[in-house]
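J.: First to last, the sequence lines map onto chains A and B. The numbering of the first sequence is the numbering used here, which starts it at 1 and goes up by one. The numbering of the second sequence is the numbering used here, which starts it at 1001 and goes up by one. Beta carbons: idealized from backbone N, C-alpha and C, even for Gly. Can you keep this structure in mind? I'll have questions shortly.
Number of protein chains: 2
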Amino acid sequence: MTIFEAFFRPQGVAIVGASRDPFKLGYGVVRNLVNHHYDGGIYPINPRADEILGHKCYNTVFDVPDPVDLAVLVVPAPAVEEELLRCVERGISHVTVVSGGFREVGPEGVVREERLKQICAEHDIALLGPNCIGTIDTHTPFNSTFVAGHPRPGDIGFISQSGAVTAAVIDWARGSGVGFSRMVSLGNQSGVNDVDMLNTLANDHNTHVITTYIEGVSDGQAFLHSASRISKQRPIIALKVGRSSAGAKAVTSHTGALAGTEAAYNAAFRRAGVLRASRLEEMLDWALAIAWQPLPRGNCVGVLTNAGGAGVMAVDALEAAGMELAPLTDATKNYLSQRLPPMASIQNPIDILAGSGPASYALCLDGLLSDETVDAVVVITAPQDWFAPVSLAEVIGEVSSSPLGRKKPVLAVIMGLASTSDATQVLHRRRVPNFAFPERIGSTLAAMWQRKQWLDSNSDTTDIGILPPPDDLKFSPGWLPQEGVDALLAAYQIPCPPSAVLDTPDEAANFADSLGYPVVLKLLAGDVTHKTDIGGVRLNLLDWNAVYQVAEGLLNTPFTGAKHLLVQKMITGGVEAIVGMVRDSQFGPLMMVGSGGTQVELIKDAAFELAPVTRKLAGEMIDRTTLSLLLQGYRGRPAADRESLVKIIERLSHIAVNHPEIAEIEINPLIVRDDGAYAVDMRVRVEK
Amino acid sequence: MTIFEAFFRPQGVAIVGASRDPFKLGYGVVRNLVNHHYDGGIYPINPRADEILGHKCYNTVFDVPDPVDLAVLVVPAPAVEEELLRCVERGISHVTVVSGGFREVGPEGVVREERLKQICAEHDIALLGPNCIGTIDTHTPFNSTFVAGHPRPGDIGFISQSGAVTAAVIDWARGSGVGFSRMVSLGNQSGVNDVDMLNTLANDHNTHVITTYIEGVSDGQAFLHSASRISKQRPIIALKVGRSSAGAKAVTSHTGALAGTEAAYNAAFRRAGVLRASRLEEMLDWALAIAWQPLPRGNCVGVLTNAGGAGVMAVDALEAAGMELAPLTDATKNYLSQRLPPMASIQNPIDILAGSGPASYALCLDGLLSDETVDAVVVITAPQDWFAPVSLAEVIGEVSSSPLGRKKPVLAVIMGLASTSDATQVLHRRRVPNFAFPERIGSTLAAMWQRKQWLDSNSDTTDIGILPPPDDLKFSPGWLPQEGVDALLAAYQIPCPPSAVLDTPDEAANFADSLGYPVVLKLLAGDVTHKTDIGGVRLNLLDWNAVYQVAEGLLNTPFTGAKHLLVQKMITGGVEAIVGMVRDSQFGPLMMVGSGGTQVELIKDAAFELAPVTRKLAGEMIDRTTLSLLLQGYRGRPAADRESLVKIIERLSHIAVNHPEIAEIEINPLIVRDDGAYAVDMRVRVEK
C-alpha cells in the first residue's frame, strides 16, 4: 500500500502551464498556492513570463531547483504527454494532471490517456487525474486547485469523484465555518484511484473522518478490503449517487430482480462499516457530528427543549431513524423538578419552557448527561427574547467539553437563521454541531449509533471457516440438471425432500407410493425456468391415481425438448423463505434471504449481504425481513427452526465462495418447519 | 363563516398590560407595533405610565379613543377574565390573549379557560389564544407579537399550533429574505381555531400559499370541509408532527392495526388537496416554489447543469420522488448542439460543462422551456471561477419571468454557501427559489406535480350518489352474527360464496353435498375473532365423510359458549384482497384496501381513503398496492375482475356512511377471480 503523501505535503511544486492571465486555470493554481500560504517551493513553468505573483518563472521543469516532488500540469491535452515525460526525466515522482481532454472526450482522448498510464507505470510515477481539480491540505497548508477559496483547517477529509462537487463543498465549508483537513478530486483515476486516496487520508493524522462522493468504486474488492480496515480507526461516510441507473443486465431469477447494483453497494458499505448518507447535506451533518462528538453507547436520547413543538419534531425524526427516548431515572426527574418551573415537563422530551435561560440549559444538560439511561443529548432552542442565542451556545459548548460531556454526544438545534450565525460559530468552535432544523438530528444520531454497533460487532469474515469444496463436484455451463442440484445439496448438507426424476406416469406413481402421500409433481423441461408460471408444479397429490393422471397431463404439455418428472415428498406447513445468490460485478457473491413463494418480487421483503456470511450475519439478515416474526410462530403457528435456516444461508454462501463458476443460486421455496428447513426447489446457473 | 380580519388589519389596538420594561412581553408587543410601522391607533393600557415608546398610556380600555377593534392582553392569568370583561363592555370585538396559565397548566387553568370561553360565546367576542404569540400582517403592516424581527412582505401565510415554531420561522424568513403575508400562532384555541384561521388567510388577497404547522386538527370534519374548498384556490402545505404518538386504542382487526392516526391524516390531507411536508425545511421549500412558480403540466423535468455529479444528484432525487427526465425533442437537441461545446451532453440531464457561462445558461434554459416534452426545469451550477453566481442568478430570473418562462416552473440550485448569498437574494427577488443542494428539488417538484394532479382530478365526493340505506337493517352492539353479516352483504349486493350456518356434523355434510365440493368449514364461536388462529377454518374438504369428520372435530374444540358450523362453497384460485373500514375519531370512516390473507399486518401492503369512496378513488387505492399488478394476472395467471373489487370498495364505503353505528368492517379474504369478487370472510363490529 503506497501512501501518496506528496500530493498533500510536497517539498516543492512545479506548475506546468502557469499563467499571468487571471482568467486561466494556470493562474488560479499559482494564486491558490500563494494566497493560501504554501511555504514550500512554488515554481511556475512559463517560458514567456518572468514571474507570477512574485514567484520566478522557469522555462522547463529542468530549470527548477530542488527539492521538487510534485508537478501540476495545466497545459492543453495534446501537450500533456511531453510535459509528463519531462517530469519523469527531471525525477518528479508525483504529477497532478488538471487538464481535461482525455477519456471523457471519446476515442482520441482514450488513446491519450492510455499513453499517460503507460508512462507512469513504466517509470513508477504517481499520477492524479487527468481531468481533476487537484488536492488541498489545510494543515500543510497546501492548495493546488484553481477553485476560489480555502476551507479552514479541520479534521474532515473529502475524496470526490467530481471536481464540481468538491468546489461546492469548499464553498459550503467556507460559508459554514466547518474545517476540513484534506480534499482531493480524483478525475479520471488513470493512476491514483479512490482506494489509494482512502489509504492516504487514513494515514493522515489530521484526518479523523473521511467523507467521500462516489459515482462508482474503481475496484470493489480492493475498496472492501481497504475500507473495512480503515473503518476500524477512521469513520468513512459515503454519498453514493447514481441510484437510478441500475444495471441493465438480463435478470433470470427473483434474486437477480431484487438485487441490483444498489443492494450490492449497501451490502458492501455495511460490511466495510461505511456509513451511507442519502444526501450531500446529510453526509456533511454526519461528518461534523462524528468528527466532533463521541459515539453514543446506546440508542436512547435525551431531548432538552424550550418549546414543545420543536421537541415533537425531534422525537418524530429520532423515532423514524430507529432511535428511542431515554426513560430517565427517578433521580434525574427529581433533580430536574427541583431546578425547573413547576409546569416544565420532566418527562423526556424535557420542556424547560420559554422563560428558562442558559443556566437552566446548563443544569439540565448536565443532569441528562449524568443519567445512565441517556446515551446522547439533543439541545433545542426556539428563538426567544430572554437571552442571546450565543449565550446558550457558550453554555452548551462548555458543558459538552467538560469531562462528563466528553463521554456522550451532544447535538445542538438553535433554530432559525437571522439571529443564529454567531451561535453556530461558537458551537462549531467548541465542536458541537448545530442544526437549524430539529429534523436533521434523527439520521445523524442514528449514523453515530450505527457506527458504534459496527465497531462493537466483529464483522470480520476473513478468518471464518469455509466448508472445503468437495472434490467430486463438476458443473457444466447452463442451468444445472436436477442430478447436479441434488449433488450440490448433498455435498453441502442442505436438506431437501426425498425425490426422484422419472420418465413415465407409471414410474412416477409407483415411486410416489413408496414415498407416501402427499407428493408434489414437477415438470422438468429445458426451457422452463419459473415452473409454477406454466402450471408445471402440482401440489398435494394424495394417491397413485392422482399422480398417474397428473403425470400424464404434464408430459403432454407442449414444450419442446426432453421432459422429465420430478416426484417429491410434499412438505406441508412451515414458513416459506427464499435464499439466493447472484454475483455483483464489483463486489462478488451477493446473498439474499427473504419471504419466499411466487410473489417474491412484489413483496420485496429481502435482505442482502456479501458472501461469505457467518451465522451471526445470517441471523441479522433474517431479522431485517418479516421472516423474523414468521419464524417465531406468527399468529398461533408453531415456532419454526430458525437455526436450520441460518445454517443453510451460511452453507449457500460457502458454495458461492467455493465455486466461482456458479453465477446464480436460488432456493424458493425453502420451507422452514419446527423439524428443520427443506430446500423444496433449487435452481443453479453455471457460467463458463 | 366568519373572517377574523381585525386580527390582521385592526383600526386601533389596545395593549392591556403594556410595559416600559424591555424585558417584559408587554413591552415587546408595543415595540413591535411601533417598530414595524403599524399606522392605526396604538393604545398602551398601563395606569402607572404616561407613555411607552412615544405612545400615550391609558388607565383602562374605557379611556381609549375610537376606533379600537382589537385588544392584546398581556396580563397575569388571574387578571385576564376581568380585563376581557372590560373589553366586552368597551365594545372591542377581537381579543388576543398572549398570557399563559390556562389549560396548559392543569385543572385550575382549565377552569380559567372555560370562563373565557363562556364570556366570548355570550358576547360574541373573537378570542385568539390564550397562550399564543399573536398575529402578524406584513402588508398592513401589523405585528402584535413580542418576537424580535418581522419578515419582509410576501405571499406566504403561516398558521401555527406552536408559538416557538412561529418564532423560528420568523427568524428563518429574516435570514433567508423570504417574504410572508400573515402569521398567526393559535395558542390554546379557546375561541378562534385552526379552521377559522385557514378561512381568514384564504380570504386575504395577499396570501397565495398557506403553510401550517399542525399537532392535531381541532375538528376533523370542519377541517376537511374548509381545506377542500380553500385548496381549489390556495395551496395548503402542512407540516403535521407527532407521527410517533399513534393512538393507543385497543385494536381488534387487521384494518385497525394498519390504520392509526397517521393513515387518517394522510387520507384527509390527500382528499382535501393539502400537501403534507415531512420536515419544516421541506414545507418552506415547497411554499416558495408553489408561491413563486407555475405548476408543471406533467412530471417530465429538464435538468441543466455545468457539472455531471450535481446532475446525477438531481436525477436521483427526482426519480426517488416519482418525477422523470424529459426525453427532449430532436429539435431541442439540435438547438443545444449548435450552442454548446462539442463535448457537452445534449441528452437530459444537459451538461453544458464547466467552461460555459450565463449566456449558455440563458440559451439552454430558453431551449428547454420551449421543448414540449419538458414540464419543469432545474438549473444547477457548481461553483466555478468564470463568472459570479449573481450573473447566473440574474439570467435565470430574467428568462424565468419572460412570457415563455412564466408557463413552466424553474427551480435553481446554485450550490455552495460562502459565494452564493447575493445570487440567492437576486433569485428570490425574481421569484425563483434557490436551493443550496440539488437533492431538495426532488420532493419540491413532486409536490407541485401532486397539486396539479389534485386540481385536475375531481375529488369532490359531496355529490356522489350513495346507495340508500336499506330500511330493514338493524344491528345490536358487538360482533355481528353470521346472519347479520349475510343480510348486510345481501343488502349492498356484495357477492359471497353460498353458505349456511348449521349445528351438527350430519347437517353440515348434507348441506356440503348440496353445494358441491370443495367446501370450507368454519367454526363460529362467540369468543373467537381471528378464526384461523385457532385452527377454526378448514379448507378444501372434498366429500361427505371429510366434512362430517372435520365438523365433529371442530365442535369438540374447547371453547366456551355457543358453537356453530359455517359450511361454505370454497372459492379456488384468484387474488386474495382485504377490504376494511375503521372510524377515525377526527375524520370518520377510513377505508382500507390491500393484499389479503393471514399475513396482512406483516406485509403492510395497504392503501387508505376516507369514505365515501368513488369508483375512481377505489381504483387509485388499488393502484397504490401490489394488488394492482396481481389483478392484471401476475406471472401467467388469468387477469382478475378488477372492476368487481372496485365496486365492493365503493359499496363498503356506502355502508360506512349509511350506518354510523358500525365501528369496524373487514372482509378478509376477499377473493378476486376472473368471474368476480367474493367476500369469503367478513366481520362487522357494531358500537352502541
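Only counting the same chain, and skipping five residues up and downstream in sequence, which positions put a Cβ closer than 6 Å to that of residue 291/A?
T.: For residue 291/A, where only same-chain residues beyond five positions count, the Cβ hits under 6 Å are 155, 156, 208 and 209.
J.: Since residue 1042/B sits in a beta bridge, which residues does DSSP pair it with?
T.: Answer is 1013/B, bridged to residue 1042/B.
J.: For residue 1276/B, count neighbouring C-beta atoms within 10 Å of its own C-beta (all shown protein chains included) and say buried if the count is 16 or more, exposed if not.
T.: With 16 or more other Cβ atoms within 10 Å, it is buried.
J.: Between which two residues does the alpha helix (DSSP H) harbouring residue 123/A extend?
T.: Note, residue 123/A: alpha helix (DSSP H), 107-123.
J.: How many angstroms separate the CA atom of residue 1593/B from the CA atom of residue 1471/B?
T.: The straight-line gap from Cα to Cα measures roughly 28 Å.
J.: Which same chain residues, not among the five before or five after residue 197/A, have their C-beta less than 8 Å away from its C-beta?
T.: Excluding residues within five positions, the ones whose Cβ falls inside 8 Å are 4, 159, 184 and 186.
J.: Going by beta carbon distance, what residues of the same chain come within less than 7 Å of residue 1617/B, once the five residues before and after it are set aside?
T.: Excluding positions up to five away in sequence, the list reads 1609.
J.: My output table needs one value for residue 249/A: the three-state DSSP class, helix, strand or coil.
T.: The predicted position of residue 249/A is uncertain, since its pLDDT is 42 and thus under 50; no value can be drawn from it.
J.: Is the separation between the beta-carbon of residue 1520/B and that of residue 1542/B shorter than 8 Å?
T.: Not in contact: residue 1520/B and residue 1542/B (Cβ atoms no closer than 8 Å).
J.: Ignore the nearest five residues each way along the sequence and tell me which others in residue 67/A's own chain have a CB closer than 6 Å to its CB.
T.: So the list reads 11 and 12, once near-sequence residues are dropped.
J.: With 8 Å as the threshold, decide whether the Cβ of residue 250/A is near any Cβ in chain B.
T.: For residue 250/A, the predicted structure reports a pLDDT of 47, less than 50, and the residue's modelled location is therefore unreliable. The matter cannot be settled from this model.
J.: Between the Cα of residue 1523/B and those of 1413/B, 1512/B and 1556/B, spot the shortest distance and give me the residue it belongs to.
T.: Comparing Cα positions, the closest option is 1556/B.
J.: For residue 355/A, count neighbouring Cβ atoms within 10 angstroms of its own Cβ and tell me buried if that reaches 16, exposed if not.
T.: The residue in question, residue 355/A, is exposed, as its Cβ has fewer than 16 Cβ neighbours within 10 Å.
J.: With a 10 Å radius around its C-beta and 16 neighbouring C-beta atoms as the bar for buried, classify residue 493/A as buried or exposed.
T.: So residue 493/A ends up on the exposed side.
J.: Taking residue 553/A as the reference, give the member of 574/A, 505/A, 515/A and 586/A with the closest Cα.
T.: Answer by Cα proximity: 505/A.
J.: Please state the DSSP three-state secondary structure of residue 197/A.
T.: Residue 197/A: helix per DSSP, three-state reduction.
J.: When we look at the beta-carbon of residue 172/A and count the other beta-carbons within 10 Å, is it buried (16 or more) or exposed?
T.: Classification for residue 172/A: buried.
J.: Any idea if residue 403/A is buried or exposed, counting beta-carbon neighbours within 10 angstroms, 16 or more meaning buried?
T.: Per the 10 Å Cβ criterion, exposed.
J.: Thinking C-beta only, is residue 1299/B closer than 8 Å to residue 1695/B?
T.: Nothing can be reported for residue 1695/B: it is not among the residues displayed for chain B, which extend from 1001 to 1688.
J.: Residue 1280/B CB to nearest chain A CB: under 8 Å?
T.: Yes, contact with chain A.
J.: Within 10 angstroms of the Cβ of residue 306/A, are there 16 or more other Cβ atoms? Answer buried if so, exposed if not.
T.: Result: buried.
J.: Can you tell me where the beta strand (DSSP E) holding residue 63/A begins and where it ends?
T.: Premise fails: residue 63/A is in no beta strand (DSSP E) and is neither H nor E.
J.: Output needed in chain order: residues of the region 617-641 of chain A with a Cβ under 8 Å from some Cβ in chain B.
T.: So the list reads 626, 629, 630, 634, 635 and 636, given in the order they occur along the chain.
J.: Could you compute how far the alpha carbon of residue 168/A sits from the alpha carbon of residue 1641/B?
T.: For residue 168/A and residue 1641/B, the distance between alpha carbons rounds to 54 Å.
J.: Show which residues of chain B have a CB atom less than 8 Å away from the CB atom of residue 152/A.
T.: Those do not exist, as residue 152/A stays about 11 Å from chain B at its closest Cβ, beyond 8 Å.
J.: I need the straight-line Cα distance from residue 518/A to residue 483/A, nearest angstrom please.
T.: Rounded to whole angstroms, residue 518/A to residue 483/A spans 23 Å at the Cα level.
J.: Count the CB pairs spanning the region 88-100 of chain A and the region 47-63 of chain A that are closer than 8 Å, and state whether there are at least three.
T.: With the cut-off at 8 Å, the region 88-100 of chain A and the region 47-63 of chain A touch.
J.: Which runs of the alpha helix (DSSP H) at least 4 residues long sit entirely within the region 1248-1293 of chain B? Give them in chain order.
T.: Qualifying alpha helix (DSSP H) stretches, in chain order: 1254-1258, 1260-1272 and 1280-1292.
J.: Where does residue 1027/B fall in DSSP's three states?
T.: Helix.
J.: So, at 7 Å on beta carbons, what are the nonlocal neighbours of residue 148/A in its own chain, with the 5 sequence-adjacent residues on each side left out?
T.: Excluding positions up to five away in sequence, the list is empty.
J.: List, in order along the chain, the chain B residues whose C-beta lies closer than 9 Å to that of residue 215/A?
T.: Result: 1308, 1309 and 1312.
J.: Quick one, which of 639/A, 9/A, 499/A and 413/A has its alpha-carbon nearest residue 204/A's?
T.: Ranking 639/A, 9/A, 499/A and 413/A by Cα distance to residue 204/A puts 9/A first.
J.: Alpha carbon to alpha carbon, how far is residue 170/A from residue 396/A? Give it in angstroms, no decimals.
T.: Cα to Cα, the separation comes out at about 27 Å.
J.: Reducing DSSP to helix, strand and coil, say where residue 1053/B ends up.
T.: Coil at residue 1053/B, not helix or strand.
J.: Please list the segments of the alpha helix (DSSP H) lying wholly inside the region 642-688 of chain A, counting only runs of 4 or more residues, in order along the chain.
T.: Within the region 642-688 of chain A, the complete alpha helix (DSSP H) runs of at least 4 residues are 642-658.
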